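Participant:
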Amino acid sequence: MAIAESHVEREKPKVRLLNDPKFRAMIFQALLVAMIIWVVWGMVSNAANNLQKAGIASGFGFLSESAGFGLNFSPFVEFEEVSNYFTVYKVGLQNTLILAVLGVFFATILGFVVGVARLSTNWVIAKMAYIYVEVLRNIPLLLQIFIWYKGVLATLPAKRDSLDWGVFGQINAAGLFAPKPIFAAGAMSIVWALLAAIVITFFVNRWSTKRQMETGQRFPVFLTGLGLILGFPLLAYLIAGQPISLEYPVQGNFGPAGGMQIIPEFIALLLALSTYTAAFIAEIVRAGILAVDRGQTEASYALGLRPGQTLRLNVIPQAMRVIIPPLTSQYLNLTKNSSLAVAIAYPDLTAVFAGTALNQTGQAVEILLMTMLTYLVISLLTSMFMNWYNAKMSLVER
């Protein structure tokens, strides 16, 4: 009897679907998705109806139409008044990327220098760095742009009275007239030599790291890489018969002639974005260094390392895992803050495409959609690269 009862399966109590938490969660998520789709569809339909009533054709056909206006700054993309709106987009994107890349480069260097200076044992240097951080990060960025543009660059001499900076060119209220590189046949060999030097330096660094982990012996990677990156292109330059020359600006009756003009709007934005963002990066660097245990520094001193070597070889590498995540946010902020260029008429993506082109065509939905997606893609690519770099710098347990 007992054996028979053991084979009797007990019926599990039936649970109503509405009482199942997983089922309810699926229902609520489905309703939320449906609501979002309904709202987006309503917005799109409303925009399409308004455009139709206003007599504005939807679509991206306007990109092939002639723009009919000129731009005063386009280093790499050829642009004329007869160029189409897609070329306007490319010029705006080009100018935004140039400003963002150079801004990130200079802000990083300046931020690291000021951040380390904040922890200096020299009272004067530490206080100067402290004042720099507190002043720059507490003044609105737009105001700093105006200060550089109207308060500094606009006060420079007129074009006829340019200041001569020697090999760097001439500067006046119209901007910096720098030497212009002239490329002849064979110039691409220098570019290939530079790329080859970078690749070789990468593999030398990997070999050096592996060698140090196995034997404890260090290899001068920095000096070797510097020699390769400078030496290879120089050697290619000489072998190819010096295919690159410089055209220097010459002072004329109405200002400098020749060379390459860098407009004051670009200079003002680059200075403002770099110095402003560097103030935030400096605090990030300071916090990262302070996050490293003091015992690491004492151990380095006990091994005979000097303060500079301790900072470069021990403290900074460990601090990077703390520095990189907030540093990524500052890079993204700098890129997006470059849209303030519209305030001083620098022809970036927001000013020329989401501004001038939008006003002339009336294609607000298409132009703003392209502009937003462009900034989104730039931000996502930046985040992906910094996340990869952060993973490379993270501590690995062995």
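Under our numbering, read the sequence shown as residues 23 to 420, first letter to last. For glycine and all other residues, C-beta sits at the position ideal for the given N, C-alpha and C. Owing to the predicted nature of the structure, the values given are computational and were not obtained by experimental measurement.
1) Figure out for me which residue from Y259, I306, M282 has the closest Cα to the Cα of V10.
2) To the nearest angstrom, how far is the alpha carbon of S230 from that of F244?
3) CA-CA distance, S88 and N72?
4) Once the 5 residues before and after V99 are set aside, which same chain residues still bring their CB inside 8 Å of it?
5) I'd like the span of the beta strand (DSSP E) that includes A279, first residue to last.
6) Any idea what DSSP makes of V104, helix, strand or coil?
7) Sort L391, V364, A301, Q318 by Cα distance to A290 and report the nearest one.
8) Measuring alpha carbon to alpha carbon, tell me which of V55, I346, M392, A219 ends up nearest T439.
9) Helix or strand or just coil, what does DSSP make of E269?
10) Could you check how far apart the C-beta atoms of F375 and I366 are, in whole angstroms? I think they sit under 8 Å.
11) Can you check the stretch 279 to 318 for any alpha helix (DSSP H) of at least 4 residues that lies completely inside it and give the ranges in chain order?
12) Does the count of Cβ pairs from the stretch 256 to 263 and the stretch 166 to 178 closer than 8 Å reach three?
13) Mind reading off the beta-carbon distance from G133 to A304? Whole number of angstroms is fine, and I expect it under 8 Å.
14) Let's test the definition: count the other Cβ atoms within 10 Å of the Cβ of F302 and tell me whether it reaches 16, buried, or not, exposed.
15) May I ask you to list the residues that DSSP assigns as paired with P348?
16) Taking DSSP as the reference, what is the three-state secondary structure of L198?
17) Per DSSP, what kind of secondary structure is L115 in: helix, strand or coil?
18) Does the beta-carbon of N359 have 16 or more other beta-carbons within 10 angstroms, so that it is buried, or is it exposed?
19) Have a look at L349, P369, S401 and flag the residue whose alpha-carbon is nearest the alpha-carbon of N412.
20) Just to confirm, are G281 and F190 a CB contact at a threshold of 8 Å?
21) Let me know if E287 comes out buried or exposed under the rule of 16 or more other beta-carbons within 10 Å of its beta-carbon.
22) Can you give the Cα-Cα distance for L53 and N41, rounded to whole angstroms?
23) Counting C-beta neighbours from all protein chains within 10 Å, is the total for G406 16 or more, i.e. buried, or is it exposed?
24) Which word fits F254, buried or exposed, when buried means at least 16 other C-beta atoms lie within 10 angstroms of its C-beta?
25) If you measure between the beta carbons of V314 and A294, is that distance less than 8 Å?
26) Does N409 pass the burial test, meaning 16 or more other C-beta atoms within 10 Å, or should it be called exposed?
27) In angstroms, rounded to a whole number, what distance separates the CA positions of I338 and L121?
28) I'd like to confirm the pairing. Which residues does DSSP put opposite S88 in its beta bridges?
29) Could you check what DSSP says for T204 in three-state terms: helix, strand or coil?
30) According to DSSP, what are the bridge partners of G274?
31) CA-CA distance, Q51 and K44?
32) Within 10 angstroms of its Cβ, does R420 collect 16 or more other Cβ (buried), or is it exposed?
33) Start and end of the alpha helix (DSSP H) containing R334?
34) Below 8 Å between beta carbons: does that hold for G197 and Q318?
35) Pull up the distance between the alpha-carbon of L380 and that of R328, whole angstroms please.
36) Is the beta carbon of F84 closer than 8 Å to that of T383?
Facilitator: Taking the geometry as given:
1) Look at the range of the chain in this structure, 23 to 420, and you will see that residue 10 is not part of it.
2) 11 Å
3) 25 Å
4) T109, K112, V113, Q116
5) 277 to 279
6) coil
7) V364
8) Because the chain is modelled from 23 through 420, residue 439 falls outside the range shown and cannot be assessed.
9) strand
10) Their Cβ separation, rounded to whole angstroms, is 17 Å, which puts F375 and I366 out of contact at 8 Å.
11) 286 to 313
12) no
13) 5 Å
14) buried
15) In the DSSP output, where bridge partners are listed per residue, P348 has none listed.
16) strand
17) helix
18) buried
19) L349
20) no
21) buried
22) 17 Å
23) The amino acid at residue 406 is misidentified as Gly; the sequence shows Met. Label assigned to M406: exposed.
24) buried
25) no
26) exposed
27) 28 Å
28) N106
29) Checking the sequence, you will find Ile at residue 204 rather than Thr. Strand.
30) G277
31) 11 Å
32) Since pLDDT at R420 reaches only 47, below the 50 mark, its modelled position is unreliable, and the value read off the structure follows with that caveat. Classification of R420: exposed, given that the 10 Å Cβ count is below 16.
33) First-last for R334: undefined, no H or E at that position.
34) no
35) 59 Å
36) yes
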